[in-house]
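Below is one structure, written out as structure tokens, with a few remarks after it.
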Amino acid sequence: MDKGRISSIQMGMMMYLTILATAILTVPSITAKYAKKDLWLSPIWASIIGFFTVIIVIQLSKRFPRQSFFQICEHTIGTLATKLLGFLYFTFFLIASGQITRTYAEFIKVFFIKTPVSVIMITMLLLSAFTVIAGIEVIGRVAQLFFPIFVFSVFIIIFLLLPQLEPSNIFPILENGLLPSLKGAIIPQIWFGELFLIVFLLPSLSDSKGMKWGILTVLLILVTFIITNITVLFILNQNTEFYIYPFLSATQLVNLGDFIESIEPIIIAIWILGTFIKITVFYYVTILTTAQWLKLSDYKPIVWPIGILIVEVSFWAVPNLMVNNHIDITVFPFLFPIMQTFIPLFILGMAVIRKKSKSLEI
Amino acid sequence: MVRRVKSLLRRRKGIQPQIDSLDDHGSLSNKMDENIDYFRSVYANCSDVVIRPFLIGGMYQAYFIYIDGLANVEETDEQILQPLMNATVKNTNEIMNMLENKIPVTNIQKFTSLSKCIDSISTGNPLLLSDGINTGYSFCLAKWEKRGIGEPSAEVGIKGPREGFTETINVSTSQLRRIIKSPSLKMQELFIGQLTKTKIVISYIEGIANHNLIEEVHNRLERIKIDGILESGYIEELIEDNPYSPFPQILSTERPDVVCSNLLEGRVAILVDGTPFVIVVPTTFFSLLQSHEDYYQRFLVSTAVRWLRYLFLVISLLLPSLYVAILTFHHEMVPTALLLSVAASREAVPFPALVEALMMEVTFEALREAGIRLPKQVGAAVSIVGALVIGQAAVQAGLVSAPMVIVVAITGIASFMIPRYAMGIGFRILRFPIIFLAGALGLLGVMMGIIAIIVHLSTIRSFGVPYLSPLAPLKGTELKDTLIRSPWWKLNTRPHLTGDYNKHRQSPGLKPDPTKGGE
Numbered sequence: 306m307d308k309g310r311i312s313s314i315q316m317g318m319m320m321y322l323t324i325l326a327t328a329i330l331t332v333p334s335i336t337a338k339y340a341k342k343d344l345w346l347s348p349i350w351a352s353i354i355g356f357f358t359v360i361i362v363i364q365l366s367k368r369f370p371r372q373s374f375f376q377i378c379e380h381t382i383g384t385l386a387t388k389l390l391g392f393l394y395f396t397f398f399l400i401a402s403g404q405i406t407r408t409y410a411e412f413i414k415v416f417f418i419k420t421p422v423s424v425i426m427i428t429m430l431l432l433s434a435f436t437v438i439a440g441i442e443v444i445g446r447v448a449q450l451f452f453p454i455f456v457f458s459v460f461i462i463i464f465l466l467l468p469q470l471e472p473s474n475i476f477p478i479l480e481n482g483l484l485p486s487l488k489g490a491i492i493p494q495i496w497f498g499e500l501f502l503i504v505f506l507l508p509s510l511s512d513s514k515g516m517k518w519g520i521l522t523v524l525l526i527l528v529t530f531i532i533t534n535i536t537v538l539f540i541l542n543q544n545t546e547f548y549i550y551p552f553l554s555a556t557q558l559v560n561l562g563d564f565i566e567s568i569e570p571i572i573i574a575i576w577i578l579g580t581f582i583k584i585t586v587f588y589y590v591t592i593l594t595t596a597q598w599l600k601l602s603d604y605k606p607i608v609w610p611i612g613i614l615i616v617e618v619s620f621w622a623v624p625n626l627m628v629n630n631h632i633d634i635t636v637f638p639f640l641f642p643i644m645q646t647f648i649p650l651f652i653l654g655m656a657v658i659r660k661k662s663k664s665l666e667i
Numbered sequence: 175m176v177r178r179v180k181s182l183l184r185r186r187k188g189i190q191p192q193i194d195s196l197d198d199h200g201s202l203s204n205k206m207d208e209n210i211d212y213f214r215s216v217y218a219n220c221s222d223v224v225i226r227p228f229l230i231g232g233m234y235q236a237y238f239i240y241i242d243g244l245a246n247v248e249e250t251d252e253q254i255l256q257p258l259m260n261a262t263v264k265n266t267n268e269i270m271n272m273l274e275n276k277i278p279v280t281n282i283q284k285f286t287s288l289s290k291c292i293d294s295i296s297t298g299n300p301l302l303l304s305d306g307i308n309t310g311y312s313f314c315l316a317k318w319e320k321r322g323i324g325e326p327s328a329e330v331g332i333k334g335p336r337e338g339f340t341e342t343i344n345v346s347t348s349q350l351r352r353i354i355k356s357p358s359l360k361m362q363e364l365f366i367g368q369l370t371k372t373k374i375v376i377s378y379i380e381g382i383a384n385h386n387l388i389e390e391v392h393n394r395l396e397r398i399k400i401d402g403i404l405e406s407g408y409i410e411e412l413i414e415d416n417p418y419s420p421f422p423q424i425l426s427t428e429r430p431d432v433v434c435s436n437l438l439e440g441r442v443a444i445l446v447d448g449t450p451f452v453i454v455v456p457t458t459f460f461s462l463l464q465s466h467e468d469y470y471q472r473f474l475v476s477t478a479v480r481w482l483r484y485l486f487l488v489i490s491l492l493l494p495s496l497y498v499a500i501l502t503f504h505h506e507m508v509p510t511a512l513l514l515s516v517a518a519s520r521e522a523v524p525f526p527a528l529v530e531a532l533m534m535e536v537t538f539e540a541l542r543e544a545g546i547r548l549p550k551q552v553g554a555a556v557s558i559v560g561a562l563v564i565g566q567a568a569v570q571a572g573l574v575s576a577p578m579v580i581v582v583a584i585t586g587i588a589s590f591m592i593p594r595y596a597m598g599i600g601f602r603i604l605r606f607p608i609i610f611l612a613g614a615l616g617l618l619g620v621m622m623g624i625i626a627i628i629v630h631l632s633t634i635r636s637f638g639v640p641y642l643s644p645l646a647p648l649k650g651t652e653l654k655d656t657l658i659r660s661p662w663w664k665l666n667t668r669p670h671l672t673g674d675y676n677k678h679r680q681s682p683g684l685k686p687d688p689t690k691g692g693e
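In order, the protein sequence lines correspond to chains W and G. Sequence positions in the first sequence follow my numbering and run 306 to 667. Sequence positions in the second sequence follow my numbering and run 175 to 693.
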């Protein structure tokens, strides 16, 4: 399908940006709602799903090297079931892409009150469409360029916030036992589950270090998660849950000698870079799913039609921000793990059983 | 109507205008008159072509054909005409014997085909035709007026060699050979252009340059079918990978030391006769941001200069658009005191920031372009008009705000920091769409512009090498010559271009140390 090749480091960077771009802004608040002061512990529990997903996906690709996800499915659960599953994944990624694009647009709209949401979304999807047409290689390179900018900026902001930090906010640790932090992990695990996307990238890898970098990516994401959550906790204390974008609100407090202040445009700029990668990766995976599901010989002709569909879905699936937040809590914690972790697990299980029964036959 | 349809149909079929080709004219005949009639008809109305009849040894009719001003007439008179006229010969064999053995000219070529004879005359070599011999003798006595080697005017520097290439290709190749004395420096020549027959030399170092790369260069050059090549820019546009990009994908230089350093890194140079600019392939984004002096100065200085250059590259691309975006949409970003002073200076200005920025940027570009083309005597007038009228007077008249003039001035200076002119102009062009985006969508628009440029840069390849390497795709060991300029004793390996390559440039452990003195 796509002849381009990326290295596993590039894959790791793509996934890091894909997951953290949106997570860094909204997740601390949602986590704080349940975990209160233990919000920095929740990512640790949530990351278990991440490790689990990476291992499942890598095992699958080890059993069927250089095969696309749907080819693997055909080998294990048959053609008819694969077609059905393909349709499920197609709609799933379409809704996910639409929802991500909409979230991005709603965030930007906070600063551009008069600009219509559709303009913000269409400009972004235009850029993404060109990148998707250019192929996986270009996505990998762009991610590689944005990764250091993103990481560096996040840590510079945390560094500038150092004078405002109040480390005593961390106490009491585990005031009400483990349960609140476990509850708080339910939402972040959605983001960790997104590592499932590497199943579509693994066939394009030019080396065989997918496992190593997959695990390292989860670790890096976990570390960043904990650090940002702790920073937010140290600054906003128990008020974290009342902010929609706590990290952004925290950066508004940066003030170094009355000279470096109001740097939140920078975090927005970084966030746009990260979200661009996120939208592009989801867009690419949606296109790839469609092409592999329908067995198309080339994915380029469907890039534009599906781009239009993503814009439409972002309005159909998310009528307004209220509904979005509602779905975020009630639907996605179940939908995402099922699609991203449990179905692949089921397929891996089928593959193991099939192989066992085959070897028994011989 | 019918005729128009017919002509449209004809165009559809792809009938192209044929370029008059002088390729197949048969060979010289034994009869002198036929030959000379042919040359007279070919060179009809060519007042610069001289056809001089004379007698060899007072017996055999012979002709000298040469182009006035291209052939060395003194040498021809002394070394060829004089001995031939004074000789005593009995038959044609003796003439041939004499031409080959008794004429003191280093290089004599024999041609039997008419087209070869014409090519040889065109390059300036006088051609001798003699009765009874069906061979033309071409003496390599071409000599024409040429410019001496001078300092390269487009790439000046403080340290480093002061000589540049000239328009004459064999002088250029000799300059390369004088630097790289090894016989593994190869020079393959070919001719492009049906009418100009421009000599092109492909130069590379065997054992360092990749074979596939050399082959690719050959293939791309041989594809060119054109009437004339006047400058290496023609070749550049005809062989590059991404013709619609605003960024140059080929390095063009007039410094022999730059070409040699590229050859030593495994790249291929293409020299074109008639221009001092040599092109080098493949090239990357970052090598176009490096100057030759980076390698001649102390490494700490070069590293600092490189970072300054990267910073000003960003400024040259973004400063006006950031100014527009902040003044139009994001007042809260600016500290209040600064905002007040900017607002005060903008009070009298009747235009929105976008119009003001575009106006000033276009004026600056016009001034720059006018400054290049104008004769030196008028140049001073342009700078006075630019500085006084557009700077001072426009601000005083309240047409432009003073901060805008400062922004445009800094942007202008920043764009001249880029050592390669073609690269700087690429960024200058891209500045305008980003100003528009900034005026329409504020910082969001600027970010969109940046992302679009980065995505575009990531898609480009130059002869198989990703344009943004070694940053994306990341090649860790090569960052030592990109983000910083490592000292020479650390630059042990050559950059990797494509395929197999000769990795080691020098022996490791060259770091100087007083204890290594051998005392």
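We put the beta carbon where it would ideally sit given N, CA and C, even for glycine. Because the structure is a prediction, the values reported are computed rather than measured.
Proximity below 8 Å, CB of residue i to CB of residue j
| i | j | result |
| --- | --- | --- |
| W:Gly309 | W:Ile441 | yes |
| G:Gly381 | G:Ser346 | no |
| W:Gly317 | W:Leu521 | yes |
| G:Ile307 | G:Val263 | no |
| W:Ser352 | W:Gly489 | no |
| G:Ile353 | G:Asp431 | yes |
| W:Val616 | W:Ile592 | no |
| W:Phe581 | W:Met429 | yes |
| G:Ile637 | G:Leu445 | Residue identity differs from the one stated: residue 637 of chain G is Phe in this sequence, not Ile. No, the pair does not count as a contact, with Cβ atoms beyond the cut-off. |
| G:Val559 | G:Val569 | no |
Rounded straight-line distance, which links the Cα of residue j to that of residue i
| i | j | result |
| --- | --- | --- |
| W:Ile462 | W:Pro570 | 12 Å |
| G:Arg659 | G:Glu363 | 35 Å |
| G:Ser327 | G:Tyr595 | 12 Å |
| G:Ile625 | G:Ser289 | 55 Å |
| W:Phe417 | W:Ile492 | 28 Å |
| W:Asn625 | G:Thr633 | 37 Å |
| G:Phe503 | G:Gly334 | 48 Å |
| G:Leu690 | G:Pro682 | The amino acid occupying residue 690 of chain G in the given sequence is Lys; Leu does not appear at that position. If you take the alpha carbons of G:Lys690 and G:Pro682, they lie about 14 Å apart. |
| W:Asn629 | W:Leu506 | 29 Å |
| G:Ile277 | G:Lys205 | 24 Å |
| G:Ala499 | G:Gly613 | 6 Å |
| W:Phe357 | W:Ser334 | 25 Å |
Per-residue burial, residue i [other beta carbons within 10 Å of its own, 16 or more giving buried]
| i | result |
| --- | --- |
| G:Asp655 | buried |
| W:Ser619 | buried |
| G:Ile546 | exposed |
| W:Gln597 | buried |
| G:Ile343 | buried |
| G:Tyr378 | buried |
| G:His505 | exposed |
| G:Glu535 | buried |
| G:Ala518 | exposed |
| G:Cys434 | buried |
| W:Met627 | exposed |
Selection from the options that minimises the alpha carbon distance to residue i
| i | options | result |
| --- | --- | --- |
| G:Phe606 | G:Phe637, G:Gly638 and G:Val529 | G:Val529 |
| W:Pro508 | W:Leu653, W:Pro370 and W:Tyr339 | W:Pro370 |
| G:Ser575 | G:Ile584, G:Val523, G:Asp674 and G:Ser201 | G:Val523 |
| G:Tyr641 | G:Leu548, G:Pro577 and G:Phe460 | G:Phe460 |
8 Å Cβ shell around residue i - same chain, five flanking residues per side excluded
| i | result |
| --- | --- |
| G:Ser195 | Residue confidence for G:Ser195 is low, a pLDDT of 49 falling below 50, so the modelled location carries little weight and cannot support an answer. |
| G:Arg611 | Sequence check: residue 611 of chain G is Leu here, not Arg. Excluding residues within five positions, the ones whose Cβ falls inside 8 Å are Ser495, Gly619, Val620, Met622 and Gly623. |
| W:Arg446 | Gln315 |
Cβ neighbours of residue i in the same chain (closer than 6 Å, five flanking residues each side left out)
| i | result |
| --- | --- |
| W:Leu328 | In the sequence on display, residue 328 of chain W carries Ala and not Leu. For W:Ala328, where only same-chain residues beyond five positions count, the Cβ hits under 6 Å are Trp496. |
| G:Phe538 | Val582 and Gly586 |
Cβ-based neighbour list, residue i, same chain, cut-off 7 Å, excluding 5 preceding and 5 following
| i | result |
| --- | --- |
| W:Ile382 | Ile652 and Met655 |
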